[in-house]
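J.: Structure provided below as structure tokens; questions to follow.
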Amino acid sequence: MKKIAVIGSGLIGRAWSMVFARAGLTVQLFDIADGAVDKAVDLIGDGLEELKSSGLIKEDTSSILKRITKAKTLEDAVGDVDYVQENTSERLDIKKEVFSQLDAAAPKHCVLASSTSTIKTSLFSEHLNGRERCIVAHPVNPPHVVPIVEVSPSTWTSDEITQKTYELHQRVGQVPIIVKKEVSGFILNRLQAALLREAWRLVDEDYVSVEDLDKTVRDGLGLRWAFMGPFETIDLNAPGGVADYAERFGGAFDEMMQHVSYQQWSHDLISKVEQQRREIMSHAEHGAREEWRDKRLMALVAHKRAMDESA
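For what it's worth, my numbering labels the leading residue of the sequence shown as 6, then goes sequentially.
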């Protein structure tokens, strides 16, 4: 699997192009919008320079950029590739149409993967003759910095396609996981949803401010979770490991949460959280803060990489 097509040149498509090209693979980038690919290539160049300055790539950025070519049509993009990463609108009707085109145009051996964060593989591939080669490879924004990839096959996706997708992302420096059965939102979004629902409830019932809730995750849970998952965290938090932790605290956790119910976020609650966030950061600062986030993430990834290498 050496030749990749990236369909859609927005934020995620640009990031995927960097992921594959920096790993030495050739990328054919296509977008239906006029001029979008030209703009995307310029932005990819900027993104590669940021990665270089953060120490995340060593190769000359111009050499990496040469591996990305601009395709004029979808058929040109996918006609001779081994793997497709689709990044079009998060709408089922559009996904079904795009995957119909991909299935007709791509070589029979080619994997057809979607970056969707909400739509199961089975929903956009059921109607296809080549549905067994379709799969979700869901990244986290921005995927050229945050490496996790959720590989989520349908019941009819072949085991070979699942394995090839997993191995490709492993080979290009990502961290793939297998979603063993299709589930709405995949794994990361469900974990995020659980924490967010409790966070909104705690703010709604006036236990904590928005800023202090963020501090609790940023300067508490998040520090551990930056290099350990929740199961490893509790395994190390009790002398006897996970079983000991469950025996010590399982009852308390059950009691803590047994009477909790979650309501849909109301207009008043959304306004409350919005107001507190705007007091901390104005809308005018949003773009600059996004850049700050990405640079901090790059620095963190570089630090984790250095620590892993030294260990």
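For glycine and all other residues, C-beta sits at the position ideal for the given N, C-alpha and C.
Classify Asn-92 as buried or exposed, calling it buried when 16 or more other Cβ atoms lie within 10 Å of its own Cβ.
T.: The residue you call residue 92 lines up with position 87 of the sequence shown. It counts as buried.
J.: With a floor of 3 residues, list each beta strand (DSSP E) that falls wholly inside the region 94-157, ordered by position along the chain.
T.: DSSP runs (the beta strand (DSSP E)) wholly in the region 94-157: 116-119, 139-144 and 153-157.
J.: Can you check which of these residues, Ile-37, His-174, Glu-203 and Ala-26, is closest to Ile-153 by C-alpha distance?
T.: Stepping through the sequence shown from its first residue, residue 153 is reached at position 148. With distances taken between Cα atoms, Ile-153 lies closest to His-174.
J.: Ignore the nearest five residues each way along the sequence and tell me which others in Ser-130's own chain have a CB closer than 7 Å to its CB.
T.: Counting from one through the sequence shown, the residue named residue 130 turns up at place 125. So the list reads Phe-104, Arg-136, Cys-139 and Ser-159, once near-sequence residues are dropped.
J.: Measuring CB atoms only, is the region 249-264 touching the region 18-27, in the sense that at least three cross pairs come out at less than 8 Å?
T.: With a cut-off of 8 Å, the region 18-27 and the region 249-264 do not count as touching, because too few Cβ pairs lie within range.
J.: In this structure, what does DSSP give as the bridge partners for Glu-91?
T.: What you label residue 91 is simply residue 86 of the sequence shown in a count that begins at 1. Partner(s): Ile-12 and Ser-119.
J.: Run through the DSSP bridge pairs and tell me what Val-180 is partnered with.
T.: Here residue 180 is taken as the residue at index 175 of the sequence shown, counted from 1. Paired residue(s): Ile-153.
J.: Could you pull the DSSP bridge partners for Gln-33 from this structure?
T.: The sequence position of residue 33 within the sequence shown is 28, counting from 1. Partner(s): Ala-10 and Thr-74.
J.: According to the neighbour-count rule (16 or more other Cβ atoms, all chains shown, within 10 Å of its Cβ), is Tyr-88 buried or exposed?
T.: In the sequence shown, the residue the question calls residue 88 occupies position 83. Result: buried.
J.: From the DSSP output, in three-state form, read off Pro-244 for me.
T.: By 1-based counting over the sequence shown, the position of residue 244 is 239. The answer is coil: DSSP assigns Pro-244 none of H, G, I, E or B.
J.: For Lys-57, name the three-state secondary structure that DSSP assigns.
T.: In the sequence shown, residue 57 corresponds to position 52, counting from 1. In the structure shown, Lys-57 sits in a helix (DSSP, three-state: H, G or I).
J.: Have a look at Val-145 and Val-151 and give me their C-alpha separation to the nearest angstrom.
T.: Here residue 145 corresponds to residue number 140 of the sequence shown, with the count starting at 1. Here residue 151 corresponds to residue number 146 of the sequence shown, with the count starting at 1. Rounded to whole angstroms, Val-145 to Val-151 spans 6 Å at the Cα level.
J.: Using 8 Å as the cut-off, can you tell me whether the region 34-51 makes contact with the region 188-196, which would need three or more C-beta pairs spanning the two stretches below that distance?
T.: Segments in contact, no.
J.: According to DSSP, simplified to helix, strand and coil, what is Gln-280?
T.: For this step, residue 280 is matched to residue 275 along the sequence shown. In this structure, Gln-280 counts as helix in the three-state DSSP scheme.
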